[in-house]
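Heads up: the structure comes next, in structure tokens.
If you want it as structure tokens, here you go:
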């Protein structure tokens, strides 16, 4: 695998992040996962817009502009000969002295990598009991590299023999899956939790809400229990939920239709 | 600066973390900050105990045992000729494929670094309004490298011209400062928030609670407003709080006494 770091293409096995990088030390970074289909980089402007929102929140500017980042993505795709790919763009605040306080002179680190695309498969879900998503934090509204709550929920799902987990927020309402938004069809109407409940403003979520009648409102676990159809969305695609807490669910018509259209 | 990575001493400027390391990609790691005084590594057993609790929660074992880690700490202190130091021990889950799901075959990364010790100074505090600490997450009870909420609160403090910030939890009660526990003296009695309110079980906090009458109970912002004395504790020492939200506070007798004893 060849990766792009700060403007240079390097073999991943020799590419170097400094151990003092705040991305490694403190999870002080942001990322985007971007779908490439037949060589086309999908929804790149939306990914850049979310990255920009994250950079504003975390208060560090990149030296790279979107055009340079796009060239980096294309260089990584070419170097790895990938036309169907999941691109990962990761930025961190860069090398700094010990401690929480950012150094305004730190030079951010930018890494672009790509892996072969694997089509989304149906998913069996649990509702995580071990941790909660913090909807009171603005970090819930951008895509950060401080991911441990999602990782813990994913570990809990694996221990239960399932594929993924729903995170509830601090009020006990549905927020999202560990790396995807959730939609539930209730009485024929697709519903997804609002961003204020701790749902990441997902790029695919945004696209679906823009093309399709969707109610954005608080979802309870009880709502999920009676849903006719549930599916997850991420930039990599749409995943029908075929069981929730062991209850079988059908692959529904909306997930099927959207997967064909998007 | 010379750092220890996975058993080897390397100059920090050439030391290498793989860009696919989950510590960098996902904040999937833990750390300890350890005080070294006159060459003595303080409270190392308590730091190892907390690290072990974190490793159990995150579910990845280290190949290194405590004796090996202690040799690593001593090697870093010797290599950097430090007798008064802050040691940072950082572990991550290691290199892995893209995505939240841990790879059980990943080999964890261990980094030990040390910086010259600077004595703690008095601190001016705000109460952060921009984010909250997630007391519902078990990650609040171990010391993880997913630190963005603390970083955002520290940025908010700096913008207000202050030194540090108190994080409230999702219920609006006091949890801790961005990298320290908080104690407030109320009617002559030292009070500190319980771990269940989102206070990290700090090594220094534990030591103070063990040697001194302290009430562990929920603290409100109003409690802080009427406190006779406030101080912060971390493994690096005791910091008297000399203002809270602009209200001046005296350097109190308890902080002064503890700083001399611990």
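Chains as they are written, first to last, in the working numbering: chain A, 10 to 271; chain B, 10 to 271. Quick reminder that beta carbons are idealized off the backbone N, C-alpha and C, glycines included. Just so you know, these numbers come straight off a predicted model, no measurement behind them.
Can you give the Cα-Cα distance for residue i and residue j, rounded to whole angstroms?
i, j, result
"residue 183/A", "residue 224/A", "14 Å"
"residue 21/B", "residue 235/A", "55 Å"
"residue 148/B", "residue 157/A", "7 Å"
"residue 80/A", "residue 56/A", "15 Å"
"residue 226/A", "residue 112/B", "35 Å"
"residue 15/A", "residue 32/B", "19 Å"
"residue 199/B", "residue 60/A", "44 Å"
"residue 258/A", "residue 139/B", "40 Å"
"residue 232/A", "residue 110/A", "42 Å"
"residue 206/B", "residue 196/B", "22 Å"
"residue 252/B", "residue 230/B", "14 Å"
"residue 262/A", "residue 189/A", "19 Å"
"residue 192/B", "residue 260/B", "13 Å"
"residue 26/A", "residue 102/B", "15 Å"
"residue 220/A", "residue 267/A", "10 Å"
"residue 144/B", "residue 209/B", "10 Å"
"residue 68/B", "residue 78/B", "19 Å"
"residue 18/B", "residue 216/A", "49 Å"
"residue 50/B", "residue 168/A", "38 Å"
"residue 187/B", "residue 82/B", "25 Å"
"residue 108/A", "residue 179/B", "24 Å"
"residue 135/A", "residue 30/B", "27 Å"
Under the three-state reduction of DSSP, which class applies to residue i: helix, strand or coil?
i, result
"residue 185/B", "strand"
"residue 33/A", "helix"
"residue 173/B", "strand"
"residue 155/B", "coil"
"residue 269/B", "helix"
"residue 246/A", "strand"
"residue 41/A", "strand"
"residue 180/B", "coil"
"residue 60/B", "helix"
"residue 218/B", "helix"
"residue 199/B", "strand"
"residue 237/B", "coil"
"residue 272/B", "In the structure as shown, chain B starts at 10 and stops at 271, and residue 272/B therefore has no counterpart that could be examined."
"residue 127/A", "coil"
"residue 165/B", "helix"
"residue 5/B", "Because chain B is modelled from 10 through 271, residue 5/B falls outside the range shown and cannot be assessed."
"residue 264/B", "helix"
"residue 144/A", "coil"
"residue 230/A", "helix"
"residue 105/B", "coil"
"residue 223/A", "coil"
"residue 111/B", "coil"
"residue 70/B", "coil"
"residue 20/A", "strand"
"residue 83/B", "helix"
"residue 210/B", "coil"
"residue 137/A", "coil"
In its own chain, which residues sit with a C-beta less than 6 Å from the C-beta of residue i, not counting the 5 before and 5 after it?
i, result
"residue 264/B", "240, 247, 249"
"residue 137/B", "162, 165, 174, 176"
"residue 41/A", "56, 60, 98"
"residue 66/B", "147, 151"
"residue 36/B", "154, 155"
"residue 126/A", "93, 94, 95"
Pop quiz: residue i and residue j are said to be a contact at Cβ under 8 Å. What is the actual Cβ separation, rounded to whole angstroms?
i, j, result
"residue 244/A", "residue 218/A", "Actually they do not touch by this definition, with Cβ atoms about 15 Å apart."
"residue 24/A", "residue 28/B", "5 Å"
"residue 121/B", "residue 96/B", "7 Å"
"residue 38/A", "residue 154/A", "4 Å"
"residue 133/A", "residue 204/A", "Their Cβ separation, rounded to whole angstroms, is 26 Å, which puts residue 133/A and residue 204/A out of contact at 8 Å."
"residue 85/A", "residue 12/A", "7 Å"
Looking only at its own chain, which residues have a Cβ that is under 7 Å from the Cβ of residue i, when we skip the five neighbours before and after it?
i, result
"residue 71/A", "64, 100, 117, 119"
"residue 129/A", "245, 246, 247, 248"
"residue 10/B", "21, 89, 122"
Tell me which residues of the region 121-136 of chain B have at least one Cβ-Cβ distance to chain A shorter than 8 Å, keeping chain order. 122, 124
Which of the residues in the region 144-161 of chain A, read from start to end, lie with their CB under 9 Å from any CB of chain B? Residues of the region 144-161 of chain A with a C-beta atom less than 9 Å from some C-beta of chain B are 144, 145, 146, 147, 148, 153, 154, 155, 156, 157, 158, 159, 160, 161, listed in chain order.
Below 9 Å between beta carbons is the criterion; list the residues of the region 188-209 of chain A that meet it against any residue of chain B, in chain order. 188
Short of 9 Å Cβ to Cβ, which residues in the region 56-68 of chain B face chain A? 66, 67, 68
May I ask you to list, following chain order, the residues of the region 97-115 of chain A that have a beta carbon less than 8 Å from some beta carbon of chain B? 97, 99, 101, 106, 107, 108, 109, 110, 111
Can you pull out the residues from the region 241-258 of chain B whose beta carbon lies closer than 9 Å to at least one beta carbon of chain A? none
Just by C-beta distance, which residues in the region 217-233 of chain B are closer than 7 Å to chain A? none
Closer than 9 Å, Cβ to any Cβ of chain A: which residues of the region 78-92 of chain B, in chain order? none
Using a Cβ-Cβ cut-off of less than 9 Å, list which residues of the region 10-36 of chain B approach chain A; keep chain order. 10, 12, 14, 19, 21, 22, 23, 24, 25, 26, 27, 28, 29, 30, 31, 32, 33, 34, 35, 36
Selection of the region 165-179 of chain B by Cβ proximity to chain A, strictly under 8 Å: 167, 179
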